[in-house]
Each structure stands twice: as C-alpha cells, then as structure tokens.
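Under the UniProt record's numbering, the residues of the sequence shown are numbered 1 to 233, in order. For every residue, glycine included, the Cβ atom is placed at its ideal position computed from N, Cα and C. Source: prediction; values computed, not measured.
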Amino acid sequence: GIVHKTHPWFSVQFHPEHTAGPEDLECLFDVFLDSIPKKVLILGSGGLSIGQAGEFDYSGSQAIKALKEEKIQTVLINPNIATVQTSPGLADKVYFLPITPEYVEQVIRAERPSGVLLTFGGQTALNCGVQLERDGVFKNYGVRILGTPIQSIIDTEDRKIFANKVNEIGEQVAPSAAVYSIQEALDAADKIGYPVMARAAFSLGGLGSGFADNKDELKILAQHAFAHSNQLI
C-alpha cells in the first residue's frame with residue numbers, strides 16, 4: 001500500500017488471487033484512526049469579574065498545555081484578549097466570542113470537537129454548559145463532557161439539591177429553604193427566623209448573596225439575587 005508521510009491519506013490494492021477479506025484491512029483502519037488528531041473544545045475564563053478572575057485563566061492554560069502534550073488539538077472560546085489562554089501559540093485555535101449557548105453551538109457546529117471541558121472557565125462556562133446540555137446540543141453533535149459530569153455540576157450548584165445530598169450522607173446543614181421569588185423568600189425567612197443568610201444558586205464569589213436582619217434588608221437582597229439567578233436559598 002501507499003501511505004502519505006504527513007497527511008492521513010492511504011491507498012491499498014489487493015490482487016484477485018489473494019482473496020482479500022474485511023479483516024485484512026483492520027490494520028490499515030487502525031493506523032488511519034490513530035493519525036486523525038483528536039479535538040477538544042475548552043470554554044475559557046472570559047472577562048474578569050468578582051469571584052471569577054485569574055485562577056481560571058491559569059487553570060485553563062494548564063489544561064491546554066496538558067492536552068497539547070497528549071497530541072490533542074485544542075479549540076478555545078474566550079472573548080478576553082488580555083489572558084494567558086489566548087496567547088499566540090498556546091491553543092491551536094482561538095475564537096474571541098462570548099461564552100453563550102448560541103455562540104458555543106456555532107463553534108461546535110464548525111469544529112466538531114469530540115469532547116468539551118467546562119470546568120476551566122468559571123461560573124460563566126458552567127452555566128453555559130448546563131444550558132447546552134439541557135438544549136440537547138452536546139447530544140446532537142456527539143460531544144462528550146470531559147471531567148466533571150453535567151449532573152454533578154447541577155447537584156453542587158443547585159443549593160436545594162446540594163443540601164439534600166449532604167443530608168443523605170448524614171451530615172448536618174443549617175435550616176434552609178429554596179425559593180424562587182421575593183415573596184417566597186420573605187415567607188421562608190419568617191419560618192426560619194431572622195437574621196438569615198441568602199445565597200444565590202449557580203453563582204461564584206457571593207454574587208447576589210449576603211445577610212439580612214429584617215424583611216426590608218431581605219427584600220433588597222433578594223432583588224439583587226434574582227437579577228443573577230432564579231433560585232435563592
């Protein structure tokens with residue numbers, strides 16, 4: 001047979017008297033598959049914000065280096081040009097696009113990666129990945145979630161589910177209630193008793209969270225929390 005030195009191009013010819021069968025081609029197919037580079041999509045750190053800063057840029061950069069050592073092509077989505085991740089020569093291809101479900105799906109459609117890493121882009125990437133999973137984008141394009149599974153992300157970011165999981169293993173947690181409106185927050189606080197600590201779901205760095213000593217403080221706190229999340233505990 002003929003094998004190209006740099007491209008995955010192969011040609012083979014069998015003589016009729018050889019009576020070649022499908023099994024004779026297994027070795028050729030194995031070599032061909034090994035020569036096709038794997039491709040992984042990484043959702044980057046994005047813009048710097050409170051609770052989501054340089055640590056994700058650093059961890060994402062290390063992930064890219066580790067993938068390159070394994071001869072895996074890296075495709076990065078990161079709209080922030082002032083990061084280490086987007087430095088020339090680090091990732092094989094960089095898309096300076098917002099980390100939103102719409103733009104990420106466009107990149108997946110164009111690049112067709114075999115896997116995606118969601119845990120190196122902070123809360124923005126986590127929320128985006130959860131939404132893409134719910135929309136069925138990963139399943140439609142055959143993209144595998146590498147690292148932390150989507151369900152584990154949901155179980156830890158959803159405060160109510162996380163509290164239930166902790167109770168299941170016999171650990172004590174503070175009395176709490178998951179609410180989805182300001183009025184539900186006020187009613188829950190009356191049952192638990194003031195002062196209360198409010199924590200928004202699917203947020204890092206305490207975004208939309210704080211302490212309240214009375215109804216007026218809780219109402220203001222809940223308004224800020226529901227601007228960033230649909231759940232408050």
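Straight-line Cα distance separating residue j from residue i
i           : j           : result
residue 187 : residue 168 : 26 Å
residue 135 : residue 149 : 16 Å
residue 190 : residue 202 : 25 Å
residue 83  : residue 57  : 6 Å
residue 67  : residue 192 : 48 Å
residue 238 : residue 159 : The structure shown has nothing for residue 238, since the chain only spans 1 to 233.
residue 194 : residue 214 : 6 Å
residue 133 : residue 39  : 19 Å
residue 41  : residue 113 : 6 Å
residue 11  : residue 5   : 13 Å
residue 119 : residue 2   : 43 Å
residue 242 : residue 137 : There is simply no residue 242 to check, as the chain begins at 1 and stops at 233 in what is shown.
residue 140 : residue 183 : 39 Å
residue 218 : residue 175 : 17 Å
residue 87  : residue 109 : 24 Å
residue 151 : residue 157 : 10 Å
Option in the options with minimal Cα separation from residue i
i           : options              : result
residue 126 : 153, 138 and 113     : 153
residue 43  : 107, 233, 68 and 71  : 107
residue 185 : 83, 88 and 231       : 231
residue 77  : 70, 69 and 90        : 90
residue 236 : 101, 225, 68 and 41  : Residue 236 is absent from the structure shown; the chain starts at 1 and stops at 233.
residue 229 : 215, 61, 223 and 200 : 200
residue 124 : 54, 224 and 46       : 46
residue 55  : 121, 109 and 7       : 121
residue 70  : 37, 174, 59 and 87   : 37
residue 111 : 87, 88 and 142       : 142
residue 180 : 233, 72, 109 and 59  : 233
7 Å CB neighbourhood of residue i in its chain, flanking five on each side removed
i           : result
residue 172 : none
residue 221 : 198, 210 and 212
residue 155 : 161, 162 and 165
residue 61  : 84, 85 and 90
residue 128 : 43, 99, 100, 101 and 104
residue 224 : 208
residue 9   : none
residue 284 : In the structure as shown, the chain starts at 1 and stops at 233, and residue 284 therefore has no counterpart that could be examined.
Residues bridged to residue i (per DSSP)
i           : result
residue 77  : 43 and 95
residue 3   : 10
residue 232 : 179 and 200
residue 212 : 196
Own chain residues within Cβ distance below 8 Å of residue i, not counting five before or after
i           : result
residue 81  : 96
residue 144 : 114, 115, 116 and 138
residue 72  : 37, 38, 39 and 40
Cβ neighbours of residue i in the same chain (closer than 6 Å, five flanking residues each side left out)
i           : result
residue 64  : 74, 90 and 91
residue 146 : 115 and 117
residue 93  : 75
residue 196 : 189 and 212
Curious, which full-length beta strand (DSSP E) runs of at least 3 residues does the region 111-189 contain?
115-117 and 144-146
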